[in-house]
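2 protein chains.
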Amino acid sequence: MPKEVATAERSPTRRKSGRREEILQIARTLFAEKGFEAASIREIGDAAGILSGSLYYHFATKDDMLDELVRPFVLPLLKQYEVIAHSDAEAPDRLRQMIQFGLQNLVQEPDLLKIVANDRKFFAKSERFSYVEEAWQDIFQIWYGVLQDGVRQGQFRSDLNLHITLRMIIELLNGTVDWFRPDGRFTIEQVIDTQVELLFGGLTPR
Amino acid sequence: MPKEVATAERSPTRRKSGRREEILQIARTLFAEKGFEAASIREIGDAAGILSGSLYYHFATKDDMLDELVRPFVLPLLKQYEVIAHSDAEAPDRLRQMIQFGLQNLVQEPDLLKIVANDRKFFAKSERFSYVEEAWQDIFQIWYGVLQDGVRQGQFRSDLNLHITLRMIIELLNGTVDWFRPDGRFTIEQVIDTQVELLFGGLTPR
DNA sequence: TTGGGCCAAGCAAGCGCTTTTTATGCCTCA
DNA sequence: TGAGGCATAAAAAGCGCTTGCTTGGCCCAA
Numbered sequence: 001m002p003k004e005v006a007t008a009e010r011s012p013t014r015r016k017s018g019r020r021e022e023i024l025q026i027a028r029t030l031f032a033e034k035g036f037e038a039a040s041i042r043e044i045g046d047a048a049g050i051l052s053g054s055l056y057y058h059f060a061t062k063d064d065m066l067d068e069l070v071r072p073f074v075l076p077l078l079k080q081y082e083v084i085a086h087s088d089a090e091a092p093d094r095l096r097q098m099i100q101f102g103l104q105n106l107v108q109e110p111d112l113l114k115i116v117a118n119d120r121k122f123f124a125k126s127e128r129f130s131y132v133e134e135a136w137q138d139i140f141q142i143w144y145g146v147l148q149d150g151v152r153q154g155q156f157r158s159d160l161n162l163h164i165t166l167r168m169i170i171e172l173l174n175g176t177v178d179w180f181r182p183d184g185r186f187t188i189e190q191v192i193d194t195q196v197e198l199l200f201g202g203l204t205p206r
Numbered sequence: 001m002p003k004e005v006a007t008a009e010r011s012p013t014r015r016k017s018g019r020r021e022e023i024l025q026i027a028r029t030l031f032a033e034k035g036f037e038a039a040s041i042r043e044i045g046d047a048a049g050i051l052s053g054s055l056y057y058h059f060a061t062k063d064d065m066l067d068e069l070v071r072p073f074v075l076p077l078l079k080q081y082e083v084i085a086h087s088d089a090e091a092p093d094r095l096r097q098m099i100q101f102g103l104q105n106l107v108q109e110p111d112l113l114k115i116v117a118n119d120r121k122f123f124a125k126s127e128r129f130s131y132v133e134e135a136w137q138d139i140f141q142i143w144y145g146v147l148q149d150g151v152r153q154g155q156f157r158s159d160l161n162l163h164i165t166l167r168m169i170i171e172l173l174n175g176t177v178d179w180f181r182p183d184g185r186f187t188i189e190q191v192i193d194t195q196v197e198l199l200f201g202g203l204t205p206r
């Protein structure tokens, strides 16, 4: 008779107690801090106050932990980008919203975003996690479409190489993951504002 | 006649043969591809057609290999940035030259630049390699000075947060390391041109 | 009394590195 | 001229340690 079970499911080792979720969040932090491969299960165990072997009562493999963290994050992320990109706002507005959404994510889910952005090499080489790299490709396409729309409508310059421009924008957002601290000198609003301003208007005064 | 005069005299194991240099370049490639820590000495040995243990005839430690690769790259890099930044050209010109220099490096020394950009976490936590992170800090300061000059002279907008702007520019350059391929669709000149144009002029047409 | 949750112990594989031995030239000098 | 000695380069074997993961059993709350 479960009391207040949020993750209730028929599968074993998942019925109650919250301990599993607790461990998962500890792992999430460590994966984000050190990278998935560099974070060892012994470290995760230590941080959870448990022996590393005991983790395998809750999870079958280390990969499972990662998958359980990343999968429910990546797919909605992709979908949300799609929603914004296909709204009927003007291209510059959609672009701004996408930047804003991407950076807001950095505040709400910094760890997961770090993992997904920093461990791209690992995801790409892993068969099991190919869906992450595929999501990245999809996201690229979505951004690209918005840029194209803007150029077609004369709202973006037509003399820029769009592929390179797109790479720049993505690297810009992903790079922010590595230096932005929510408790640091700048608010995320300042960062959003500066990035949007610089991206749209450039360094040179008008 | 001294007995143990043999080893480690004026030119230990370095007089000729080129083998050492050959191995060093193999290591450089692997460090760049997989990251320093992820590249094992057994892989380096395999790629060199040698057993891993035999590497230690040429090098004392794995760290030594990295140091021998990175040190003679980082210090001239820093110095070159200084030279450009302190020339008497106008700030926008200096900035453009610095971008150009940074990206040209990506063609001439892609491996070393990848190592220095991607393994920053490792360098930062290693006492021995602290000079790499220090060089990065110095480079930051140099860029920042140029940005400030431009703002003072009214050549750059004064309504942008310069710290955030600087982070963006650096991430932009470092991010390029991860996707640019000299044999790919774009020439480095195209990339330089697009990055400079976007950075100076922004997406919005004038 | 049952089973969820953990500990204790350990396995195989891989890590950076060390030591000892072997193979192959090249140089010197009787 | 050719044998001994040295330098170079690598193999072979194994060290101590860490990795992800397994197994068997204990404890205690329901």
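Protein sequences, first through last, are from chains A and B. Positions 1 to 206 (UniProt numbering) are the ones given, in order, by the first sequence. Positions 1 to 206 (UniProt numbering) are the ones given, in order, by the second sequence. From the three backbone atoms N, C-alpha and C, an ideal C-beta is built for every residue, glycine too.
Residue i (DSSP reduced to helix, strand or coil)
i: K175 (chain A); result: At residue 175 (chain A) the sequence reads Gly, which differs from the Lys that was named. In the structure shown, G175 (chain A) sits in a helix (DSSP, three-state: H, G or I).
i: S87 (chain A); result: coil
i: R206 (chain B); result: coil
i: G184 (chain B); result: coil
i: I99 (chain A); result: helix
i: G35 (chain A); result: coil
i: T61 (chain B); result: coil
i: G18 (chain B); result: coil
i: I44 (chain A); result: helix
i: I26 (chain A); result: helix
i: L51 (chain A); result: coil
i: T13 (chain A); result: Low per-residue confidence applies at T13 (chain A): pLDDT is 35, beneath 50, and the placement is therefore not dependable, though the value from the model is reported in the following sentence. Coil at T13 (chain A), not helix or strand.
i: F200 (chain A); result: helix
Rounded C-alpha distance that separates residue i from residue j
i: G18 (chain B); j: A60 (chain B); result: 17 Å
i: R196 (chain A); j: N174 (chain B); result: The residue asked about is misnamed: residue 196 (chain A) is Val in this sequence, not Arg. Going by the C-alpha atoms only, they are around 20 Å apart.
i: G150 (chain B); j: Q137 (chain B); result: 20 Å
i: R28 (chain A); j: A117 (chain A); result: 14 Å
i: S54 (chain A); j: E109 (chain A); result: 27 Å
i: A38 (chain A); j: H58 (chain B); result: 28 Å
i: I115 (chain A); j: L95 (chain B); result: 32 Å
i: Q64 (chain B); j: S158 (chain B); result: Sequence inspection shows Asp at residue 64 (chain B); the Gln mentioned does not correspond to that position. D64 (chain B) and S158 (chain B): Cα-Cα distance of roughly 45 Å.
i: Q25 (chain A); j: I44 (chain A); result: 10 Å
i: S87 (chain B); j: L78 (chain A); result: 46 Å
i: I23 (chain A); j: L106 (chain A); result: 22 Å
i: R185 (chain B); j: Q155 (chain B); result: 33 Å
i: K34 (chain B); j: I188 (chain A); result: 32 Å
i: P92 (chain B); j: E21 (chain B); result: 40 Å
i: D46 (chain B); j: L172 (chain A); result: 37 Å
i: Y144 (chain B); j: V146 (chain A); result: 32 Å
i: G49 (chain A); j: K62 (chain A); result: 17 Å
i: Q190 (chain A); j: G102 (chain A); result: 14 Å
i: D183 (chain B); j: R128 (chain A); result: 30 Å
i: S126 (chain B); j: P72 (chain B); result: 18 Å
i: I170 (chain B); j: R120 (chain B); result: 13 Å
i: G201 (chain A); j: G202 (chain B); result: 4 Å
i: S130 (chain A); j: P76 (chain B); result: 40 Å
i: Y56 (chain A); j: L160 (chain B); result: 50 Å
i: L30 (chain B); j: I41 (chain B); result: 10 Å
i: D178 (chain A); j: V177 (chain B); result: 15 Å
Rounded Cβ spacing between residue i and residue j (contact assumed at less than 8 Å)
i: V132 (chain A); j: F123 (chain A); result: 4 Å
i: Q97 (chain B); j: I84 (chain B); result: 5 Å
i: M168 (chain A); j: L198 (chain B); result: 6 Å
i: residue 218 (chain A); j: L112 (chain A); result: Chain A is shown only over 1 to 206; residue 218 (chain A) falls outside these bounds and no answer can be derived.
i: T194 (chain B); j: T165 (chain A); result: 6 Å
i: A135 (chain B); j: V74 (chain B); result: 5 Å
i: Q100 (chain A); j: I192 (chain A); result: 5 Å
i: Q153 (chain A); j: L162 (chain A); result: Their Cβ separation, rounded to whole angstroms, is 14 Å, which puts Q153 (chain A) and L162 (chain A) out of contact at 8 Å.
i: E90 (chain A); j: I142 (chain A); result: About 16 Å separates the two Cβ atoms, so there is no contact after all.
i: R206 (chain B); j: R206 (chain A); result: 7 Å
message: Please give me, in chain order, every unbroken run of the alpha helix (DSSP H) with length at least 4 that falls completely inside the segment 104 to 162 of chain A.
response: Segments of the alpha helix (DSSP H) lying fully in the segment 104 to 162 of chain A: 110 to 118, 120 to 125, 130 to 152.
- prompt: Looking at chain A, which residues of the segment 173 to 192 of chain B have a Cβ within less than 8 Å of any of its Cβ atoms?
  reply: N174, G175, T176, D178, W179, R185, F186, Q190, V191
- request: Could you name the residues of the segment 142 to 159 of chain A whose beta carbon sits closer than 9 Å to any beta carbon of chain B, in the order they occur along the chain?
  value: L147, G150, G154, Q155, F156, R157, S158, D159
query: Between the segment 111 to 144 of chain A and chain B, which residues of the former have a C-beta closer than 7 Å to a C-beta of the latter?
result: Against chain B - using a Cβ distance shorter than 7 Å - the segment 111 to 144 of chain A contributes no residues.
field: Contact residues within the segment 74 to 104 of chain B, judged by C-beta distance below 9 Å to chain A
entry: P92, L95
message: Using a Cβ-Cβ cutoff of 9 Å, what residues of the segment 33 to 55 of chain A are near chain B? List them in chain order.
response: K34, G35, E37, A38
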